[in-house]
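A.B. asks: Below is the structure I would like to discuss, written out as structure tokens.
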Amino acid sequence: MILDILYATQTGNAETVAKKLQLLAKNQGFNVNLVEMNYHNINSFRTLRNVAIVTSTYGNGEVPEMGIDFWEELKLSKVEMVNLRYGLIALGDKSHEIFCGAGKAISKKLDELKCIKVIPNLECDGDTEGTYEWSIKFLEKLKLKAYYNDKV
Ligand SMILES: Cc1cc2nc3c(=O)[nH]c(=O)nc-3n(C[C@H](O)[C@H](O)[C@H](O)COP(=O)(O)O)c2cc1C
């Protein structure tokens, strides 16, 4: 099964989390593509089936620079993606007014476009605690969902 991991980071935390997820997924036999978020535009993104998004938040609740172009396109999109399964890890810090704003905004938009949320978002406050456990659960649920969705 192919898993596409998209990350957006400013100082490396989201990239580290994304790489750990990549390793776990590879060890479970997934065929993994790990890319910076801006690697995709809305047309290429739409073709994906199993997606993990790992993003931090910068500025005032904004997506880091390496994800801005992608986010600007996604934000405007109105085309539903009912076959895209996803999970999302949002890194942030509660000392900022808009906690995990980037992750929350992306997830809200994906839900509006009818993507399949495989597992509740993980929101991290000031660290990356819980990302390993989330990753294990995400891969488990993804395999199950993919099995049942693809059968019907
Ligand atoms: C200048 C700056 C602005 C930030 N703005 C926000 C914010 O608006 N909301 C939030 O939840 N976290 C904010 N953060 C916290 C980061 O998202 C958090 O430290 C995260 O772990 C960084 O991950 P990264 O290394 O992948 O970029 C900000 C951090 C910095 C340094």
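Note that our numbering numbers the sequence shown so that position 17 is 20, with each residue one more than the last. Note that the Cβ used here is the ideal one computed from N, Cα and C, for glycine as well. Please read all numbers here as calculations on a predicted model, not as lab measurements.
#1: How big is the Cα-Cα spacing for valine 66 and asparagine 41?
#2: For lysine 107, collect the residues of the same chain with a Cβ closer than 7 Å to its Cβ; drop the 5 residues on either side in sequence, then sort them by chain order.
#3: Cα separation between glycine 129 and glycine 104?
#4: So isoleucine 122 packs on lysine 140, CB below 8 Å; how close in whole Å?
#5: Which residues bound the beta strand (DSSP E) around glycine 104?
#6: Along the chain, where does the alpha helix (DSSP H) containing aspartate 128 start, and where does it finish?
#7: DSSP three-state label for valine 20, please.
#8: Starting from the Cα of isoleucine 56, find the closest Cα among Asn124, Gly133, Asn152, Thr131 and give me that residue.
#9: Mark tyrosine 61 as exposed unless 16 or more other C-beta atoms lie within 10 angstroms of its C-beta, in which case mark it buried.
#10: In the structure shown, what three-state DSSP assignment does aspartate 7 receive?
#11: Is it true that the CB of isoleucine 5 sits closer than 8 Å to the CB of asparagine 53?
#12: Hey, how far is the Cα of leucine 27 from the Cα of glutamate 100?
#13: Grouping DSSP H, G and I as helix and E and B as strand, with all else coil, what is asparagine 53?
C.D. replies: According to the structure shown:
#1: Roughly 11 Å between the two C-alpha positions.
#2: Cβ within range, chain order: Ala93.
#3: Approximately 14 Å between the Cα atoms of the pair.
#4: Between isoleucine 122 and lysine 140, the beta carbon gap of about 6 Å places them in contact (Cβ cut-off 8 Å).
#5: Where glycine 104 is concerned, there is no enclosing beta strand (DSSP E), although the alpha helix (DSSP H) it sits in stretches over 104-115.
#6: It is not in any alpha helix (DSSP H) - aspartate 128 instead sits in the beta strand (DSSP E) that spans 125-128.
#7: Secondary structure at valine 20: helix, using DSSP grouped into helix, strand and coil.
#8: Looking at the Cα atoms, Asn124 is the closest of the given residues.
#9: Result: buried.
#10: Annotated three-state conformation of aspartate 7 is strand, per DSSP.
#11: Remark: C-beta atoms of asparagine 53 and isoleucine 5 approach each other more closely than 8 Å.
#12: Computed Cα separation, rounded: 33 Å.
#13: In the structure shown, asparagine 53 sits in a strand (DSSP, three-state: E or B).
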